[in-house]
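Heads up, the thing below is written out as structure tokens.
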Amino acid sequence: MSAANTDIIQMLNPSDCFTLAMDEEIRQEKMPGSLCGFALELSGTPDIEALEQRITEFGTRFPLAFASLQQRGKRYFWCQREQEHPLFYQHYNTHKIDEVIFHKETVVRLLNHKQDRETIPPVEFHLISSTVKNTFLMRWIHPFCDARGADLILKYLCTESLDARKRFDLPKLEPLVNTQLAKYKWWQKISLFFKAKRYISKLDNLQSIIHADTSLTPKRLNFNTYTLSLEQTQTINTLARQQVGLTGTSLYYVGCFMRALHKMNPKQAGEAYCTPYAFNLRKNKALSPLLSNHVAPLFAQAPKALLDDKAALLEHLKQQNMQTIREKFDYAFLPVMWAASWLSLEQHGEKLRNSMRTGTERSSFWFSDIGHVDLSNNSFFGSDITKIYHLCQISSPPALAFLSCQFNKQLTFSYNFIEPLFTQKWIESLHKNMLEELLTP
Amino acid sequence: MKQKIRNFIFDELIFVTEPENFSDDDDLLEAGLDSMGIMRLIMYIEEQFGVTLPDSEIDPDNVNSFNALEQWVLQHKS
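Protein sequence lines, in the order shown, are assigned to chains A and B. This note's numbering puts the first sequence at residues 990 to 1430. This note's numbering puts the second sequence at residues 10 to 87.
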């Protein structure tokens, strides 16, 4: 290593590089890059001193939280900074504006914060406080960790016992993408590589239906969240089980969301609805690895002709998903991501994702379902958690992301959208359609 | 058969602190076996044991423990 590179902490793994390519894509649109958020709404004020101590402990245990993303040659690395930045911030409603507006606008502002890739902190924790409400927001850039990692960080913060916290991120593991790749002989990697290329080409035969008004310039990320009642959640869980079975709960949301979009304008140009989703390489309930990305992309795609028949659509998505696993397309992306990690970010985007504004974007919307969020005692430093939701910046197109999670037996949907390509009113109508789809047998 | 399924689940799908203390009747769904994991497991069983497990039988009762899984597979093994 040359003297100039002595500040390198670690290299980005192929899955991190994939998220960095998305970061680049979003930045090219003069938007903030791949910022993500995980928000907890709290019934009261948490124990701020204890929270701050826990965050400090997190920073000491995981110094990558203070690192800076730097390019060395073609590749990117996490590097040490000269000065550590704060991890914890507090925001108060000093201008006494409407509580709801204050919380929402603060979250929107934080998720739209623009800062150079080299100087933006990988992760920050924000407590937004007003008289009757508190929101705890964890904001991170995607190369730092994936959604499962963010979930683990929150679990770490919420874990009271020091001994239990020490178990996080142990055993120390290599990036799971590399571990999985190491299981293959070189000819198997090549075979998987071409399998993934064929899979991508097949998906690209059908042009994705995109509802965003792409003639407009992206201005900012906005979001709407909806928490469903216990009864609605129960009904949806039952219908998902009945209509898609035990193996495809998330596919029920995907299918219903495709139909909800279709209803917004059945004549929208394009041939199919398509959405990428992440295949996580971690074992479920594992506490390691905590940081970095350990995912590969997969796709759910449905031709327009199937949209009018819900049962046929859901069966199609289910069979497609089973075929994906049967044919090992999930693992096929690993050598592609590995090979692409040696390319420049621009080339990476071209090879793995279709370039923006070419009219051939592979996704109609982004999708993530993190399932049940399980935080100890459903409380956060002495305050009850009333709601949890996710946020993410999105490339335009598709300029739309549907993120779901279940907490306290209630579903929360977070619709993330880029304005003015989508409007709040449009999203409200979309949610009405979505509810109707989800709740109708 | 059960040991192979155990190894696959604990090596690839779910993390438990002490797999040796996880009994054949313990609840796999509670332990973190999710929809994606169930699909992977079914593909593995079909490949390893040369059986076809019908979609219509993918039910919590058939996948919620090692004993239930074994019973289910044995029903379809000629």
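A virtual CB, placed ideally from N, CA and C, is assigned to each residue, including glycine.
What would DSSP say about residue i, mapped onto helix, strand or coil?
i	result
residue 1175 of chain A	helix
residue 1465 of chain A	With chain A running from 990 to 1430 in the structure shown, residue 1465 of chain A is simply not present.
residue 1120 of chain A	coil
residue 78 of chain B	helix
residue 1218 of chain A	coil
residue 1338 of chain A	helix
residue 1149 of chain A	coil
residue 1438 of chain A	With chain A covering 990 to 1430 only, the question about residue 1438 of chain A has no answer from this structure.
residue 1298 of chain A	coil
residue 1333 of chain A	coil
residue 65 of chain B	helix
residue 1112 of chain A	strand
residue 1207 of chain A	coil
residue 1431 of chain A	Within the shown structure, residues of chain A are numbered from 990 to 1430, placing residue 1431 of chain A beyond reach of any answer.
residue 1291 of chain A	strand
residue 1199 of chain A	coil
residue 1137 of chain A	helix
Please return the same chain residues whose Cβ sits closer than 6 Å to the Cβ of residue i, not counting the five positions on each side in sequence.
i	result
residue 73 of chain B	36, 37, 38
residue 1110 of chain A	1074
residue 999 of chain A	1067
residue 1259 of chain A	1196, 1197, 1198
residue 20 of chain B	none
Who are the neighbours of residue i on chain A, taking C-beta pairs under 9 Å?
i	result
residue 36 of chain B	The premise fails here: residue 36 of chain B is roughly 13 Å from chain A at the closest Cβ pair, so nothing lies under 9 Å.
So residue i contacts chain A; which residues on that side make the cut at Cβ distance below 7 Å?
i	result
residue 54 of chain B	By Cβ distance, chain A contributes nothing, its closest Cβ being about 12 Å from residue 54 of chain B, past 7 Å.
residue 23 of chain B	1272, 1273, 1274
residue 41 of chain B	1273, 1274
residue 64 of chain B	1234
So residue i contacts chain B; which residues on that side make the cut at Cβ distance below 8 Å?
i	result
residue 1235 of chain A	44, 47, 67, 68, 69, 72
residue 1360 of chain A	43
Could you tell me which chain B residues have their CB closer than 7 Å to the CB of residue i, listed as they occur along the chain?
i	result
residue 1315 of chain A	52
residue 1238 of chain A	44
If I measure Cβ to Cβ from residue i and keep anything under 8 Å in the same chain, skipping five residues before and after, which residues do I get?
i	result
residue 1023 of chain A	1008, 1009, 1011, 1012, 1015, 1130, 1131, 1132, 1381, 1382
residue 23 of chain B	37, 40, 41, 42, 46
residue 1321 of chain A	1181, 1182, 1184, 1185, 1188
residue 1235 of chain A	none
Under 9 Å between beta-carbons, which chain B residues line up against residue i? List them in chain order, please.
i	result
residue 1311 of chain A	48, 51, 52, 64
Going by DSSP, what residues sit across from residue i in a beta bridge?
i	result
residue 1286 of chain A	A:1267
residue 1129 of chain A	A:1025, A:1112
residue 1401 of chain A	A:1216, A:1394
residue 1358 of chain A	A:1393
residue 1408 of chain A	A:1209
Cutting at 7 Å between CB atoms, please list the residues of its own chain near residue i, excluding the five before and the five after it.
i	result
residue 1398 of chain A	1219, 1222
Using 8 Å as the cut-off, can you tell me whether the region 1192 to 1210 of chain A makes contact with the region 1406 to 1421 of chain A, which would need three or more C-beta pairs spanning the two stretches below that distance? yes
Counting pairs of beta carbons, one from the region 1079 to 1093 of chain A and one from the region 1044 to 1063 of chain A, are three or more of them closer than 8 Å? These segments do not touch.
Flag this pair as touching only if the region 1312 to 1332 of chain A and the region 1217 to 1232 of chain A have three or more C-beta atom pairs under 8 Å; answer yes or no. no
Whether or not the region 1105 to 1123 of chain A and the region 1350 to 1363 of chain A are in contact is what I'm after, with contact meaning three or more pairs of Cβ atoms, one per stretch, closer than 8 Å; do they touch? no
Check whether the region 1301 to 1310 of chain A touches the region 1273 to 1284 of chain A, counting contact only when three or more Cβ pairs, one atom from each stretch, lie closer than 8 Å. no
How about the region 1260 to 1277 of chain A and the region 1164 to 1171 of chain A: do they share at least three Cβ pairs that are nearer than 8 Å? yes
Check whether the region 1083 to 1102 of chain A touches the region 1140 to 1151 of chain A, counting contact only when three or more Cβ pairs, one atom from each stretch, lie closer than 8 Å. Contact fails: fewer than three Cβ-Cβ distances are below 8 Å.
With a threshold of 8 Å, are at least 3 pairs of Cβ atoms found where one atom belongs to the region 1239 to 1250 of chain A and the other to the region 1350 to 1358 of chain A? yes
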